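Quick notes on the structure that follows.
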């Protein structure tokens with residue numbers, strides 16, 4: 005009897021929810037509002053042939069870890085690892101509104117379960133949340149979205165969470181983005197603020213260094229959008245203040261306003277044919293830690309002062325992605341190369357280095373893949389990701405100086421399989 009009652013109650017609740025949803029949809033249509041829920045579920049399994057530098061339970065792969073020799077000369081990092089995760093499952097909602105202030109208006113909010121830190125894995129975290137207003141020749145986006153260095157329209161077609169890191173940037177910022185349209189030409193101006201992707205400094209990774217500078221990260225872009233061609237160039241500038249005070253040898257505090265500015269340049273593009281998709285990006289610039297690339301800055305104590313001076317160490321990266329864009333079977337390949345522009349420079353033993361990959365000379369990745377698309381909703385992916393790093397060893401010089409020189413290379417092979425259900 006209890007099972008019968010529970011069944012009747014469940015059916016009644018389902019009917020009520022269906023009626024309520026229908027009423028909401030009808031009301032939305034009548035008022036000019038509409039809603040669309042979208043997302044996917046994508047369980048992934050991956051196997052690595054050695055230890056890696058990574059995040060999010062190793063799903064966010066940066067590059068293979070350096071050698072770690074034991075007393076017998078064995079490399080402790082030369083071991084495999086196998087894992088399976090579903091943390092990138094995603095759900096989002098697009099909300100279309102009636103025209104406001106003469107503009108087409110919609111809002112978008114999206115989350116996944118990767119967490120904003122490693123400790124937050126499996127917890128829902130905010131990916132995107134923005135309002136978009138578009139007039140005939142102007143557009144204004146306000147909220148959390150991809151950092152402009154990501155160039156969303158030309159992102160790689162790889163499936164894993166790292167999406168080309170550390171060759172392709174990966175970060176989301178809270179921002180205000182203004183676009184002016186001139187037929188096929190677009191001008192973009194963006195002012196952005198950090199949240200999940202933070203700069204690094206004396207107090208670890210934090211948004212405080214950008215906030216202390218009282219200047220948002222600034223980006224300007226020039227884009228050409230043709231029928232089958234998308235080409236662009238951008239300039240990015242960020243100013244941070246690592247410290248608000250310093251401490252002398254006696255423990256006394258002294259106020260400081262010393263800042264460090266970093267610039268970056270990028271060209272990017274996408275070329276489409278009936279069946280093929282080619283994408284690329286080249287980046288040159290400084291202090292790319294928060295973009296998930298190698299890079300950072302160096303802090304040096306000033307002589308006869310409790311203050312510090314700063315110097316960037318930067319990166320050059322280039323990547324390309326080529327794929328088939330139609331049919332059930334769609335092969336593709338991603339290739340990337342990165343260079344530490346400061347490798348081999350002299351460093352002072354008293355300096356502090358904040359960033360990623362100061363002991364890396366260069367690195368590259370080759371990542372072929374095959375996607376199977378039997379239906380629009382259900383897809384299958386198999387990928388192989390080979391990443392090789394040229395690590396340097398520290399060489400001490402006279403006069404309290406040292407530098408890095410190339411020492412050895414290590415590689416990691418990652419095998420990935422994924423099932424994706426889109427809705």
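Residue numbers (the numbering used here): 5 to 427.
Ideal placement from N, C-alpha and C gives every residue a C-beta, glycine not left out.
All values reported here derive from a predicted model rather than from experimental measurement.
Residue nearest to residue i in terms of C-alpha spacing, selected from the options
i, options, result
"residue 225", "268, 207, 212, 211", "268"
"residue 307", "330, 333, 355", "355"
"residue 98", "83, 158, 168, 115", "115"
"residue 183", "215, 139, 168", "139"
"residue 172", "314, 328, 422, 319", "319"
"residue 205", "160, 167, 304", "304"
"residue 219", "109, 207, 264", "264"
"residue 352", "282, 194, 403, 179", "403"
"residue 398", "390, 414, 408", "408"
"residue 391", "68, 59, 55", "68"
"residue 340", "330, 329, 323", "323"
"residue 235", "191, 314, 330, 83", "191"
"residue 195", "413, 124, 146", "146"
"residue 283", "405, 104, 158", "158"
DSSP-derived helix/strand/coil call for residue i
i, result
"residue 12", "For residue 12, the predicted model reports a pLDDT of 44, less than 50, meaning its position is unreliable; a value from the coordinates is still stated below. The answer is helix: DSSP assigns residue 12 an H, G or I state."
"residue 174", "coil"
"residue 25", "Only weak support is given to the placement of residue 25: the predicted model assigns it a pLDDT of 49, under 50, and the value that follows is read from those uncertain coordinates. It is helical."
"residue 117", "coil"
"residue 122", "helix"
"residue 293", "helix"
"residue 206", "coil"
"residue 378", "coil"
"residue 238", "strand"
"residue 35", "helix"
"residue 422", "strand"
"residue 387", "strand"
"residue 55", "coil"
"residue 339", "strand"
"residue 169", "coil"
"residue 157", "helix"
"residue 196", "strand"
"residue 415", "strand"
"residue 362", "coil"
"residue 355", "coil"
"residue 394", "strand"
"residue 309", "coil"
"residue 427", "coil"
Sequence-distant residues of the same chain with beta carbon closer than 6 Å to residue i, five excluded per side
i, result
"residue 42", "96"
"residue 359", "293, 299, 300"
"residue 266", "242, 290, 291, 316"
"residue 366", "343, 394"
"residue 346", "317"
"residue 90", "47"
"residue 287", "270, 321"
"residue 373", "336, 387"
"residue 210", "202"
"residue 70", "395"
Cβ shell of residue i (< 8 Å), same chain only, five flanking positions each side left out
i, result
"residue 175", "150, 151, 153, 154, 200, 201, 294, 295, 296"
"residue 169", "64, 65, 66, 296, 297"
"residue 21", "Model confidence at residue 21 stands at a pLDDT of 43, short of 50, so the residue's coordinates are unreliable; what they give is reported in the following sentence. Closer than 8 Å at the Cβ level, and outside the excluded window around residue 21, lies no residue."
"residue 92", "46, 48, 63, 116, 117, 118, 165"
"residue 106", "139"
Unbroken alpha helix (DSSP H) run spanning residue i, endpoints
i, result
"residue 217", "212-217"
Residue range of the beta strand (DSSP E) that includes residue i
i, result
"residue 225", "221-229"
"residue 260", "Taken as a continuous stretch (DSSP letters only), residue 260 belongs to no beta strand (DSSP E), as it is neither H nor E."
"residue 143", "142-150"
"residue 317", "312-328"
"residue 61", "From DSSP, residue 61 is part of no beta strand (DSSP E); its letter is neither H nor E."
"residue 85", "85-89"
"residue 94", "94-104"
"residue 304", "299-305"
"residue 130", "129-138"
"residue 247", "First-last for residue 247: undefined, no H or E at that position."
Close beta carbons around residue i, own chain, < 7 Å, minus the five adjacent residues each side
i, result
"residue 311", "250, 260, 262"
"residue 425", "44, 45, 381, 382"
"residue 411", "395, 396, 397"
Count the C-beta pairs between the segment 245-255 and the segment 268-283 that are closer than 8 Å, then say yes if the count reaches three, no if not. no
With three or more beta-carbon pairs closer than 8 Å as the criterion, would you say the segment 105-115 touches the segment 125-134? yes
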